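In this note's numbering, the protein residues as written are 69 to 285.
Okay, here's the thing in structure tokens:
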């Protein structure tokens, strides 16, 4: 990946949004079956996050430390924004086919309000300048949370620079006991020529990872 592309992509991680993704994957049949069983029994399912070795069809991987630090800086900002506390769960998956890292992180807790958390990330479309001459557009899109229900939302930042336009998108989901996000970061090894992803790209990854990582008690 050219240096300019990597710099623009990494700069986006400072935002209290949740970032990019690629390539849809399938939904876990086992996870759907557990949800259906709980619903049939007449009790609202209580979910908990896990960190399986494979999620959404992606095996766990080990990204460079610098990339992990950039993503971690966004995690703390998002937790403060949403006012969440709980037990953290996280894993990083290797999307070798698309040349990207899939960062998954969340909290197990109780008494979460999915509507409030969703609304905290809902905002009008805003435009501006990042101070470096780049024009930015920040927007959101509701998305299907998948068969486990709750609420889900994707935030996107479009950056138009002199010679480059890129979009960074993060998708999050919320239930009464879980809050999580999926962030997919392009590898800097030149194996991916994409420079951005929309909510339509990211949402299927979020649902696929959720189906394998979230379990009903």
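Just so you know, even glycine gets a beta-carbon here, dropped at the ideal spot from N, CA and C.
If you're wondering where the values come from, they're calculated on a predicted model, not measured in any experiment.
Query - Sequence ranges, alpha helix (DSSP H) only - wholly within the stretch 144 to 191, length at least 4 - result: 182 to 188
Requested in this report: Determine, using beta carbons only, whether residue 235 and residue 266 come nearer to each other than 8 angstroms.
Outcome: For this step, residue 235 is matched to residue 167 along the chain shown. For this step, residue 266 is matched to residue 198 along the chain shown. Result yes, Cβ atoms of residue 235 and residue 266 sit closer than 8 angstroms.
Query raised in the report: Looking at C-beta atoms only, is the number of pairs between the stretch 125 to 139 and the stretch 209 to 222 that lie closer than 8 angstroms three or more?
Result: no
Query raised in the report: From what residue to what residue does the beta strand (DSSP E) around residue 193 run?
Result: Residue mapping note: residue 193 aligns to position 125 of the chain shown, counting from 1. Here residue 193 belongs to no beta strand (DSSP E), and DSSP marks it neither H nor E.
Requested in this report: Reducing DSSP to helix, strand and coil, say where residue 278 ends up.
Outcome: Taking the chain shown and counting its residues from 1, the one referred to as residue 278 is at position 210. If DSSP states are grouped into helix, strand and coil, residue 278 belongs with the helices.
Requested in this report: Please list, in chain order, all residues of the same chain as residue 175 whose beta carbon is under 8 angstroms from its beta carbon, the five residues on each side excluded.
Outcome: Position 107 of the chain shown, counted from the first residue, corresponds to residue 175. Once the five neighbours on either side are set aside, the close Cβ partners of residue 175 are 117, 147, 152, 153, 154, 155, 156, 157, 246, 247 and 248.
**Report entry** residue 231 classed as buried or exposed, judged by whether at least 16 other C-beta atoms fall within 10 angstroms
**Finding:** For this step, residue 231 is matched to residue 163 along the chain shown. So residue 231 counts as exposed.
Requested in this report: Taking residue 269 as the reference, give the member of 140, 114, 166 and 161 with the closest Cα.
Outcome: As a working note, residue 269 is residue 201 in the chain shown. Selected option, being the one with the closest Cα: 166.
Query raised in the report: Per DSSP, which one or two residues make a beta bridge with residue 206?
Result: Indexing the chain shown from 1 puts residue 206 at position 138. Looking at the DSSP assignment, residue 206 forms a beta bridge with 194 and 225.
**Report entry** The beta strand (DSSP E) enclosing residue 237, as first and last residue numbers
**Finding:** Along the chain shown, read from residue 1 onward, the residue named residue 237 stands at position 169. Run containing residue 237: 233 to 242, per the beta strand (DSSP E) assignment.
Query - Simplified DSSP assignment, three categories, for residue 127 - result: As a first step, residue 127 is located in the chain shown; it is residue number 59 there, counting from the start. Here residue 127 sits in strand by DSSP.
Query raised in the report: To the nearest angstrom, how far is it from the Cα of residue 275 to the Cα of residue 264?
Result: Sequence index remark: in the chain shown, residue 275 carries index 207 (1-based). Sequence index remark: in the chain shown, residue 264 carries index 196 (1-based). Computed Cα separation, rounded: 19 angstroms.
Requested in this report: Note down, in chain order, each residue of its chain lying with its Cβ closer than 7 angstroms to the Cβ of residue 196, except the 5 sequence neighbours on either side.
Outcome: Taking the chain shown and counting its residues from 1, the one referred to as residue 196 is at position 128. Within the same chain, residue 196 has close Cβ partners 204.
Requested in this report: Answer with buried or exposed for residue 223, where buried requires no fewer than 16 other C-beta atoms within 10 angstroms of its C-beta.
Outcome: By 1-based counting over the chain shown, the position of residue 223 is 155. Classification of residue 223: buried, given that the 10 Å Cβ count is 16 or more.
**Report entry** residue 70 to residue 256 span [Cα, whole Å]
**Finding:** Against the chain shown, residue 70 aligns to sequence position 2. Against the chain shown, residue 256 aligns to sequence position 188. Confidence is the limiting factor: at residue 70 the pLDDT is only 35, short of 50, which leaves the residue's position unreliable, though a coordinate-based value still follows. Each residue's alpha carbon lies about 8 angstroms from the other.
**Report entry** Residues sharing a beta bridge with residue 263, DSSP
**Finding:** Locating residue 263 in the chain shown gives position 195, counting from the first residue. DSSP, once it has assigned bridges, lists no residue as partnering residue 263.
Requested in this report: Verify the contact flag: residue 161, CB atom, against every heavy atom of the ligand MN, threshold strictly below 7 angstroms.
Outcome: Among the components of this structure there are no ligands whatsoever, and the ligand MN is therefore not found.
Report task. Measure the C-alpha to C-alpha separation of residue 115 and residue 129 and round it to an integer number of angstroms. Result -> By one-based count along the chain shown, residue 115 stands at place 47. By one-based count along the chain shown, residue 129 stands at place 61. Computed Cα separation, rounded: 25 angstroms.
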